[in-house]
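The next block holds one structure in the form of structure tokens; read it before the comments.
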Amino acid sequence: MDFTRRQLLWTGGTLGAAAMLAACGGGDDAAPAAGGSPRQGGTLRIGALGRTSAITRDPHGTQGNESDYLVIALVYDTLTAPGGRTDNTVPRLASAFTPSKDLKTWRFTLAEGAAFHDGTPVTADDVVWSLRRLRGTPSGAARLPGIAAGRITADGKRTVVLVSDYANAELPLLTRLSTFVLKKDTPDAEIPRAPGTGPFKLDWYRGGNARLLRNTHWYGGAVHLDAVEVTMFQSPQAMANAMLSGQIDVASNVGAVAARTAEARRDIQVVRRPDDMAMPVVMRTSDGPFAGAEVREAMKLLVDREAMVRQVLSGYGSVANDILGTGDPAYAGDIPQRRRDLARAKRLLTDAGFDFSRTYRLVTTEDVAGLAESATLFASQAREAGVKIEVVKQESGAFYQKTWLKGDFYTNYWGTNDSVVFFASKTLTTGAGQNEADWSDKEFDAAYHKVLATADRSARTAALRGLQRIEHDRSGYLLWGMADGIDLAAPKVRGLPKLPGYGRVQLENVWLAP
Amino acid sequence: MTGSGAPKDTTRPVPEPAARRAGALAARPAAVLAKRVAMLVVLLAVVFAAIELLPGDAATATSERGEGAAGVAARRHLLGLDRPVWERFRDWITALPTGDLGTSARGERVSDLLAAPLPNTILLASTAFVLTVLAALALGTWAAARPKGVVDRVVDLTSTAAFALPEFVVAVGLLLVLSLWTGWLPAATVTGADGAPARWSMLVMPVLALTVPQTGWNTRIVRGALADQAAAPHVAAARLDGLPTRQVLLRHALPGAWPAIATGVATSTGMLLGGTVVVETLFNYPGIGTVLAGAVADRDTPVIAAVVACSAALITVVLLLADLIRARTLGARS
Chain D
1032 MDFTRRQLLW
1042 TGGTLGAAAM
1052 LAACGGGDDA
1062 APAAGGSPRQ
1072 GGTLRIGALG
1082 RTSAITRDPH
1092 GTQGNESDYL
1102 VIALVYDTLT
1112 APGGRTDNTV
1122 PRLASAFTPS
1132 KDLKTWRFTL
1142 AEGAAFHDGT
1152 PVTADDVVWS
1162 LRRLRGTPSG
1172 AARLPGIAAG
1182 RITADGKRTV
1192 VLVSDYANAE
1202 LPLLTRLSTF
1212 VLKKDTPDAE
1222 IPRAPGTGPF
1232 KLDWYRGGNA
1242 RLLRNTHWYG
1252 GAVHLDAVEV
1262 TMFQSPQAMA
1272 NAMLSGQIDV
1282 ASNVGAVAAR
1292 TAEARRDIQV
1302 VRRPDDMAMP
1312 VVMRTSDGPF
1322 AGAEVREAMK
1332 LLVDREAMVR
1342 QVLSGYGSVA
1352 NDILGTGDPA
1362 YAGDIPQRRR
1372 DLARAKRLLT
1382 DAGFDFSRTY
1392 RLVTTEDVAG
1402 LAESATLFAS
1412 QAREAGVKIE
1422 VVKQESGAFY
1432 QKTWLKGDFY
1442 TNYWGTNDSV
1452 VFFASKTLTT
1462 GAGQNEADWS
1472 DKEFDAAYHK
1482 VLATADRSAR
1492 TAALRGLQRI
1502 EHDRSGYLLW
1512 GMADGIDLAA
1522 PKVRGLPKLP
1532 GYGRVQLENV
1542 WLAP
Chain C
20 MTGSGAPKDT
30 TRPVPEPAAR
40 RAGALAARPA
50 AVLAKRVAML
60 VVLLAVVFAA
70 IELLPGDAAT
80 ATSERGEGAA
90 GVAARRHLLG
100 LDRPVWERFR
110 DWITALPTGD
120 LGTSARGERV
130 SDLLAAPLPN
140 TILLASTAFV
150 LTVLAALALG
160 TWAAARPKGV
170 VDRVVDLTST
180 AAFALPEFVV
190 AVGLLLVLSL
200 WTGWLPAATV
210 TGADGAPARW
220 SMLVMPVLAL
230 TVPQTGWNTR
240 IVRGALADQA
250 AAPHVAAARL
260 DGLPTRQVLL
270 RHALPGAWPA
280 IATGVATSTG
290 MLLGGTVVVE
300 TLFNYPGIGT
310 VLAGAVADRD
320 TPVIAAVVAC
330 SAALITVVLL
340 LADLIRARTL
350 GARS
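Chain order of the listed sequences is D and C.
Start counting the first sequence at 1032; every next residue gets the next number (the numbering used here).
Start counting the second sequence at 20; every next residue gets the next number (the numbering used here).
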């Protein structure tokens, strides 16, 4: 679900339009302060990106559209949900979750009073059926790794038991994004209209657009909005235009270009959600020109991180330190920030016998805004140290077929960034399915298994710090910065989530000021 | 000049023995239709083959990042992508007459995906089509009223310029002026529960963006056809008889110009439908143009082929109408 392939068809032309708009906007950039006590009522008109051809109604399908995911996440509940700065996993349909001593068996207790929109109470059987259905999809193994369908069971009416093949202290992390719960034995044909347990119920859905009504009996507390109207937008530019002309109240995940335009308008709030998107440069560690750890370190010393954030992200982002999962509450912010040091980089490269006469091809795509630009700027920065890099743009399909997981040197992007362990498990441990840099480091693997097997919170944080240190020092990732997620909102909209990634869909606390 | 008897594709007006042609068309509508259907099948086969040649496939495009090679392979099998392309094409095309357009790579029925967008695009394109015809006729005849006059020269210049403008440029210009600066029109299309645009005003800019370039093209055709007719003996005679210019143009010149005009306008159908891909995306208009744009990115062959089939069917209908107009006009005058 990390795919957010946006059509960048219009970037060129509408950049011009945006510049003109910015020029004729007002000068006051003070967004109205949020505050006051929540008020009941009103309809929120929200825009989200999506394409008609990619429409998915199945909560357990692969949602390519942010608009579809938004609708699904409002109607259905997951067991857990993305949280804030102190905890990256918070309760949702499961009000509590506790592990066994060996961290293999996890018991999820369903929230008191949880019921489907038709009034039927949620049972553990519904949850088990839904999770097994999810596990049975083509993406099931990736979504619930290490948890076989047969090891998802009910214990009484209100407890669901998940047994992992290995100790996993972070198992509730896996149940945050796609464990949507439907009624047991819902036939496939009825899925689009099947009642959920979420804060809103579906009024109508048509062609990617939907209207949802408040679930007055939601177990999670009072929902403020009467209704939510979701409009699907084919491009961020069209969504920004709709926002500027007052057709929608919120433009969800609309991006930095639109934010720059909107900064000039006092009647639009720019909501920044930090740590939303990572766009690392991947260097192959097992063979090729970047196999030497010194060479990789040199590349990490070549990049001017501040300039990257300023130019590639228009300043809507922050500098990173070559560790993925920057939004994790246990992120090791105390590891010294790596800074540009051309002299040291050159020395490292010379010592390693790096071939300065060669031109290295850095493969990139235009799948997300700024990705190709990041490659180009990095290439020009590297040239200052005598490293010649040629940027090669590949079309998305070609990239995933030919370059991803195979290439020596490429850019990629990741959308879930609030867990260091997530990246360790998916992309960094030996033999991980998406080990993009083909990295294998015994010390790192040991650190990872220690983290997963440690139940004590502070001991785990300490173990996590060791893991991050190794990642910072030697991995194949050059992570120069993190892009903010950016929503635009009308002044009356309050209580929008500030969470990165999929946390943006939590609209139950949103309210409209008079 | 020799006519082939069988109706030619109508990209250029080729004068043919009129009676014979009209007779052929009237006598063999089924044959005409069969030929067009055969062309459509070939076209769809080309579409299937072309998508096959693109890098990547629907399985990789619609899988999750976490899936890994095994997951992608499973999805490829699920979508039938591990079967030869001709086999998939055969299955799809044989199901087509039953109204089954297949299943999208994300498991939605293609007919469901197109149910709301197709009528929207027909509404958009047909409105633009009617406006194009009216504007081109008005401007073309106005310009022809006084050859080399001021109006003629202005229309000549502006129609060339308008035709040279891509829909994209027109659309961005309209957006800036009519919506973002003045606030007169909504910038994007928002739909209601029925899937149609919530307000008619949302149609104005998309229609204009499609109409302007096509009006440029068709105005030149109307003007050119009228110029040809002006040289015809019966038109010259009417003018020498001292009939008013208006009457000469509308009664004597225009009827002879119909075949050329009908042909020009008919070719605009294809360009109008092509333009919807750009215009719909820019205005967020929920039509099949946007479906196509997204489906190509996903290598979603059944969706792409369904959009092509629908567009081709629309174009075929318009081309047939143009053939009929030509046949009638030429037949009536023989």
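Yeah, the Cβ is synthetic: ideal placement off N, Cα and C, and Gly gets one too.
In terms of residues, what are the limits of the beta strand (DSSP E) holding residue i?
i                  : result
LEU1235 of chain D : Note that residue 1235 of chain D corresponds to Trp in the displayed sequence, not to Leu. TRP1235 of chain D -> beta strand (DSSP E) spans 1231-1237.
PRO1218 of chain D : Per DSSP, PRO1218 of chain D belongs to no beta strand (DSSP E) and is neither H nor E.
GLY1078 of chain D : 1074-1080
PRO1122 of chain D : 1120-1122
According to DSSP, residue i sits in a beta bridge with which residue or residues?
i                  : result
ASP1518 of chain D : D:VAL1302
THR1442 of chain D : D:VAL1312
TRP1550 of chain D : With chain D running from 1032 to 1545 in the structure shown, residue 1550 of chain D is simply not present.
ARG1138 of chain D : D:THR1129, D:VAL1192
ARG1245 of chain D : D:PHE1231
MET290 of chain C  : DSSP, once it has assigned bridges, lists no residue as partnering MET290 of chain C.
VAL1422 of chain D : D:LEU1393
LEU1543 of chain D : D:VAL1524
VAL336 of chain C  : Its beta-bridge partners do not exist; DSSP assigns none.
MET224 of chain C  : Beta-bridge pairing links MET224 of chain C to no other residue.
VAL1281 of chain D : D:ILE1077, D:ALA1520
PRO10 of chain C   : Because chain C here runs from 20 to 353, residue 10 of chain C falls outside it and cannot be looked at.
THR122 of chain C  : C:ARG128
GLY1348 of chain D : D:ALA1514
PRO1176 of chain D : The partner list for PRO1176 of chain D (beta bridge, DSSP) is empty, contrary to what the question assumes.
ALA1146 of chain D : D:PRO1152
ASN1199 of chain D : The partner list for ASN1199 of chain D (beta bridge, DSSP) is empty, contrary to what the question assumes.
ASN1240 of chain D : D:ARG1237
Which residues in chain C sit within 8 Å of residue i, going by Cβ to Cβ distance?
i                  : result
PRO1431 of chain D : One point to set straight first is that residue 1431 of chain D is Tyr, not Pro, in the sequence displayed. Ordered by position in chain C, the residues that pass the 8 Å Cβ test against TYR1431 of chain D are GLY75, THR79, ALA80.
GLN1278 of chain D : PRO205, ALA206, ALA207, VAL209
ARG1389 of chain D : None at all; the shortest Cβ gap to chain C is about 26 Å.
GLY1095 of chain D : THR81, ARG125, ASP317
Along chain D, in chain order, which residues have C-beta atoms closer than 7 Å to that of residue i?
i                 : result
VAL322 of chain C : SER1084
VAL310 of chain C : THR1083, SER1084
How far does the alpha helix (DSSP H) with residue i in it extend, from its first residue to its last?
i                  : result
ILE1354 of chain D : It is not in any alpha helix (DSSP H) - ILE1354 of chain D carries neither H nor E in the DSSP assignment.
TRP1511 of chain D : Looking at the DSSP string, TRP1511 of chain D is not in any alpha helix (DSSP H), and its letter there is neither H nor E.
ILE112 of chain C  : 104-114
THR1111 of chain D : Careful: THR1111 of chain D lies outside any alpha helix (DSSP H), inside the beta strand (DSSP E) at 1111-1113.
GLU71 of chain C   : 48-72
PRO136 of chain C  : 136-164
VAL1259 of chain D : Taken as a continuous stretch (DSSP letters only), VAL1259 of chain D belongs to no alpha helix (DSSP H), being part of the beta strand (DSSP E) at 1258-1264.
ILE1183 of chain D : Where ILE1183 of chain D is concerned, there is no enclosing alpha helix (DSSP H), although the beta strand (DSSP E) it sits in stretches over 1183-1185.
PHE1453 of chain D : 1451-1454
Residue i touches chain C at which residues, Cβ-Cβ below 7 Å?
i                  : result
ASN1240 of chain D : THR210
ASP1089 of chain D : GLY126
GLY1092 of chain D : ARG125, GLY126
Along chain D, in chain order, which residues have C-beta atoms closer than 9 Å to that of residue i?
i                 : result
ARG318 of chain C : GLY1428
ALA314 of chain C : ARG1082, THR1083, SER1084, ALA1085
GLY214 of chain C : ARG1237, GLY1238, ASN1240
GLY202 of chain C : SER1276, GLY1277
ARG90 of chain C  : The amino acid at residue 90 of chain C is misidentified as Arg; the sequence shows Gly. Per Cβ cutoff of 9 Å: PRO1169, SER1170, GLY1171, ALA1172, ALA1173, GLY1464.
What does residue i touch in chain D if you count any residue whose Cβ is under 8 Å from its own?
i                 : result
SER198 of chain C : ASN1272, SER1276
Please specify which runs of the alpha helix (DSSP H), each continuous and at least 4 residues long, are wholly inside the stretch 1287-1341 of chain D, giving them in chain order.
Correct list: 1287-1293, 1324-1333.
Legend entry - Contact residues within the stretch 126-154 of chain C, judged by C-beta distance below 7 Å to chain D: If the cut-off is 7 Å between Cβ atoms, the stretch 126-154 of chain C has GLY126, GLU127, LEU132, ALA135, PRO136 near chain D.
Inset, instruction - Select from the stretch 283-309 of chain C all residues with a C-beta closer than 7 Å to any C-beta belonging to chain D, and list them in chain order. - result: Answer set for the stretch 283-309 of chain C: THR300, LEU301, PHE302, ASN303, PRO305, THR309.
Output needed in chain order: residues of the stretch 93-127 of chain C with a Cβ under 8 Å from some Cβ in chain D. The residues in question are ALA93, ARG94, LEU97, SER123, ARG125, GLY126, GLU127.
| field | Positions along the stretch 169-182 of chain C whose CB lies within less than 7 Å of some CB in chain D | value | Correct list: empty, as no residue qualifies.
- Task: Counting only runs of 4+ residues fully inside the stretch 1463-1512 of chain D, write out the alpha helix (DSSP H) ranges in chain order.
- Result: The qualifying runs are 1473-1483, 1488-1505.
Name the residues in the stretch 1253-1280 of chain D whose C-beta lies less than 7 Å from a C-beta of chain C; which are they? Cβ contacts with chain C: THR1262, PHE1264, GLN1265, SER1266, ALA1269, ASN1272, ALA1273, LEU1275, SER1276, GLN1278.
- Message: Counting only Cβ-Cβ distances shorter than 9 Å, please list the residues of the stretch 1169-1181 of chain D near chain C, keeping chain order.
- Response: Result list: PRO1169, SER1170, GLY1171, ALA1172, ALA1173, ARG1174, PRO1176.
Quiz item: Looking at chain C, which residues of the stretch 1451-1485 of chain D have a Cβ within less than 7 Å of any of its Cβ atoms?
Solution: Those residues of the stretch 1451-1485 of chain D that come within reach of chain C (Cβ to Cβ, closer than 7 Å) are LYS1457, GLY1464, GLN1465.
Going along the stretch 1217-1238 of chain D in order, which residues come within less than 7 Å of chain C, judged by CB to CB distance?
Listed in chain order, the positions of the stretch 1217-1238 of chain D with a beta carbon within less than 7 Å of a beta carbon of chain C are TRP1235, ARG1237, GLY1238.
**Prompt:** For the stretch 227-240 of chain C, which residues have a CB atom closer than 8 Å to at least one CB atom of chain D, in sequence order?
**Reply:** Taking 8 Å as the upper bound on Cβ-Cβ separation, chain D lies near no residue of the stretch 227-240 of chain C.
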